[in-house]
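What follows is a short report on a single structure.
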Amino acid sequence: MSDEKRLTNFELLRILAMLMVVTLHYFYYSGMRLTLTDSVGQQHIFALAIESFSIVAVNVFVMISGYFMVKSRFKFRRFFRLVFQILFYTLLIPLVLSIFGLPVIAETEGVYGIIQYLLPISTMHYWFITAYLLLYLISPFLNAAFEKIEKVALQKIIVILLVLFCGFKSFIPFSLNLDSYGYDFGWFILLYLTGAYIRIYGFAALSPKGRGLSLYLVSVVLIFTLKIGSYFLYAKTGLFKYFFDVPFHYNFILVYCAAIGLFYAFIGIEIKEGRVSKLIRGIAPLCLGVYLLHMNIDLRDNWYPWTKILFGRLLEMGFIGLVLNMLVTVLVVFSAGILVDFIRSLIFSGVDKSMIEQYETAKAIKEANKKNRDNR
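FYI, the working numbering numbers position 109 of the sequence shown as 115, with every residue one higher than the one before it.
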């Protein structure tokens with residue numbers, strides 16, 4: 007399989023992961039997620055099932071980064087591009103909303119609201135971005151470790167980290183001080199190492215075609231079973247209240263296994279070169295923009311009410327309406343994010359091209375001046 011086709015596989019996985027992220031947020035902001043105070047209904051079972059399939063999204067996204075970055079050179083230019091991409095959203099969105107008379111965080115939080123626009127990384131405007139950028143900065147050290155450390159030693163390090171960040175919390179029915187549920191830089195390091203390890207060494211047990219998909223599906227079923235089982239256990243006994251949320255933590259052992267399984271499932275996919283593959287490779291780089299748009303602090307609590315105004319009547323159709331509402335809403339949010347980031351990429355590419363041309367012109371002038379001095 008060619009490098010281009012193999013790249014298309016992972017770009018498709020990147021798109022799927024972002025669709026999963028939007029889906030998870032749809033159920034969260036719509037209030038359809040099952041809670042311990044709910045009486046289980048059809049919509050709760052549906053939401054629980056879809057969430058069980060989608061909870062791997064963040065883990066997969068970071069694993070993809072580890073898979074590719076372990077063999078790539080660190081570039082400060084790439085880091086600052088990400089920073090400016092983030093600032094594009096944190097600075098432009100409140101400006102646009104204010105123009106249309108819509109409320110923004112700065113109106114209620116004052117100076118701190120403005121600081122969240124100006125310093126999105128330090129204020130964790132987006133928790134994922136803060137952790138991801140820190141991971142990117144440390145990636146050269148992680149890559150160097152892969153070159154120096156033997157395979158067995160690397161395996162031991164990954165296992166120890168897995169036990170510390172994932173192992174204990176997956177079985178102990180109460181919160182641990184080290185546990186941040188996978189919403190942290192430390193967990194991202196483990197995911198990065200996992201993706202890099204798959205790239206360099208692979209997991210022989212998952213290499214045969216179909217085993218990755220099997221691991222993913224089995225893990226998803228177990229996640230769903232534990233989640234619904236802990237609900238009924240708490241309803242009957244009042245015990246293990248904390249563990250009800252654990253199966254949906256990013257650093258839960260089954261979520262980690264499901265992410266590896268789905269990752270391997272896409273390694274084995276072959277996509278023929280053509281319009282579809284080109285479209286996939288065109289959309290995938292814009293996926294981060296979907297997250298930056300719909301999880302902006304001025305939009306994250308508002309986009310579902312807005313889409314409900316447009317598509318809420320579908321919910322009156324019962325279960326089928328719920329499914330349609332979810333699909334339409336997720337696709338609209340995803341498409342809006344892709345469109346906005348496409349516009350941003352056009353603006354940035356023009357600025358980037360202009361800066362490169364200025365740099366090359368200045369360099370040519372400098373070399374010409376030096377040559378003239380030498381001739382004298």
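Yeah, the Cβ is synthetic: ideal placement off N, Cα and C, and Gly gets one too.
On a predicted model such as this, the values are computed, not experimentally measured, just so you know.
Whose CA, out of L219, L352, L305, lies closest to the CA of A101?
Strictly speaking, residue 101 in this sequence is Leu, with Ala absent from that position. Checked all of L219, L352, L305; the closest Cα to L101 is L305.
Quick one: Cα of I286 to Cα of L18, how far?
6 angstroms
Are the region 200-209 and the region 257-274 touching, with three or more C-beta to C-beta distances below 8 angstroms?
yes
Once DSSP output is grouped into helix, strand and coil, what is the label at G72?
helix
So K175 and L182 are in contact, right, with Cβ under 8 angstroms, and what is the actual spacing, rounded?
6 angstroms
Please confirm if the region 64-77 is in contact with the region 232-247, defined as three or more CB-CB distances below 8 angstroms between the two stretches.
no
Over what stretch of residues does the alpha helix (DSSP H) that includes I286 continue unbroken?
281-289
Determine the closest residue to F340 out of T231, W309, F59, G318, with distance taken between C-alpha atoms.
W309
Looking at C-alpha atoms only, which residue of L13, L22, K314, V27 is the closest neighbour of H300?
V27
Using the three-state DSSP reduction, which class does H255 fall into: helix, strand or coil?
coil
Less than 8 angstroms between the CB atoms is what I'm expecting for R303 and H131, so what's the real figure, rounded?
The residue you asked about is not Arg; residue 303 is Ile in the sequence shown. That belief holds up - the Cβ atoms of I303 and H131 are roughly 6 angstroms apart, short of 8 angstroms.
In chain order, what residues of the same chain lie with their CB nearer than 7 angstroms to the CB of F171, ignoring the 5 residues before and after it?
Its chain contains G192, W193, L196, N257 as the residues whose beta carbon lies nearer than 7 angstroms to that of F171, once the 5 sequence neighbours on both sides are disregarded; these appear in chain order.
Considering C172, what are the terminal residues of the alpha helix (DSSP H) in which it resides?
Premise fails: C172 is in no alpha helix (DSSP H) and is neither H nor E.
If we call anything under 7 angstroms between Cβ atoms a contact, is Q48 one with F325?
yes
By the 10 Å Cβ neighbour count, where 16 or more other Cβ atoms means buried, how is P126 classified, buried or exposed?
buried
Within 8 angstroms, do at least three Cβ pairs link the region 288-297 to the region 334-348?
yes
Whether S58 touches T29 by CB criterion (7 angstroms):
Their beta carbons are not under 7 angstroms apart, which means S58 does not touch T29 by this criterion.
Quick check: L42 and F250, are their CB atoms within less than 7 angstroms of each other?
yes
Which stretch, first to last residue, makes up the alpha helix (DSSP H) that contains K134?
Going by the sequence as given, residue 134 is Phe instead of Lys. F134 -> alpha helix (DSSP H) spans 133-154.
Would you identify the three-state DSSP class for V117, choosing helix, strand or coil?
helix
Alpha carbon of V261 to alpha carbon of I105, nearest angstrom:
42 angstroms
Nearest residue (CA-CA) to G188, options I353, F317, V68, Y32
V68
Secondary structure at K81, three-state DSSP: helix, strand or coil?
coil
Nearest-angstrom Cα distance between F246 and F85?
43 angstroms
Within the same chain, show all residues whose beta-carbon is closer than 7 angstroms to that of L25, passing over the 5 residues directly before and after it, in chain order.
In its chain, beyond the 5 residues on either side, V336, F340 have a beta carbon closer than 7 angstroms to the beta carbon of L25.
When the distance is taken between beta carbons, is C263 closer than 7 angstroms to S213?
no
Quick one: residues in its chain with C-beta nearer than 6 angstroms to the C-beta of V252, no 5 flanking neighbours on either side, listed in chain order?
F258
Pairwise C-alpha distance: F354 and M361:
Confidence at M361 is low in this model, with a pLDDT of 48, below 50, so the placement of that residue should be treated as unreliable; the coordinate-derived value is given next. Whole-angstrom Cα-Cα distance: 10 angstroms.
For P291 and L88, I'd like the C-alpha separation in whole angstroms.
12 angstroms
Use the C-beta contact count for I21: other C-beta atoms within 10 angstroms, 16 or more gives buried, fewer gives exposed.
buried
Applying the criterion that 16 or more other CB atoms from any shown protein chain within 10 Å of the CB defines a buried residue, is T14 buried or exposed?
buried
What do you get for V158, buried or exposed, if any count of 16 or more other CB atoms within 10 angstroms of its CB means buried?
exposed
Along the chain, where does the alpha helix (DSSP H) containing E322 start, and where does it finish?
Element bounds for E322: n/a, residue is neither H nor E.
Span of the alpha helix (DSSP H), counted from its first residue to its last, around K242
217-243
Which residues in the same chain as Y222 place their Cβ atom closer than 7 angstroms to its Cβ, once the five residues preceding and following it in sequence are excluded?
A264, G267, L268, A271
Contacts around L143, its chain only, beta-carbon distance under 8 angstroms, and the 5 residues preceding and following it disregarded
F85
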